[in-house]
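**Student:**
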Amino acid sequence: MRDGPVRRLLVITYHFPPDGAIGGQRWAGLSKYLARLGWDVDVITAAAETP
93 MRDGPVRRLL VITYHFPPDG AIGGQRWAGL SKYLARLGWD VDVITAAAET P
């Protein structure tokens, strides 16, 4: 765990996995990367559409 202030990010996006849209994939990658660096990442997204 890192010392110092807690770094937090709130992502609000319409597309996020399991949605296959490229915009969601970008946010997923960034969120994963920042979490590895010690950031606390929360995501708010739309409900997945069901066929």
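Quick note on this note's numbering: the sequence shown kicks off at 93 and runs consecutively. A virtual CB, placed ideally from N, CA and C, is assigned to each residue, including glycine. Keep in mind the model is a prediction, meaning the values are calculated, not measured.
1) Pull up the distance between the alpha-carbon of residue 115 and that of residue 121, whole angstroms please.
2) On the premise that residue 135 lies in contact with residue 103, defined as a C-beta separation below 8 Å, what is that separation, rounded to the nearest angstrom?
3) Compare the Cα-Cα distances from residue 118 to each of 130, 105, 129, 128 and report the closest residue.
4) Using only alpha-carbon positions, find the residue among 107, 133, 131, 129 that is nearest to residue 141.
5) With a CB to CB cut of under 8 Å and the five nearest residues on each side skipped, what residues in its chain are close to residue 101?
**Tutor:** Reading it off the structure:
1) Taking the straight line from one Cα to the other gives about 10 Å.
2) Contact flag correct, Cβ pair sits at about 5 Å.
3) Looking from the CA of residue 118, the closest CA among 130, 105, 129, 128 belongs to 105.
4) That would be 107, whose Cα lies nearest to the Cα of residue 141.
5) For residue 101, same chain residues with a beta-carbon under 8 Å away, outside a window of 5 residues either side, are 123, 126, 131, 132, 133, 134 in chain order.
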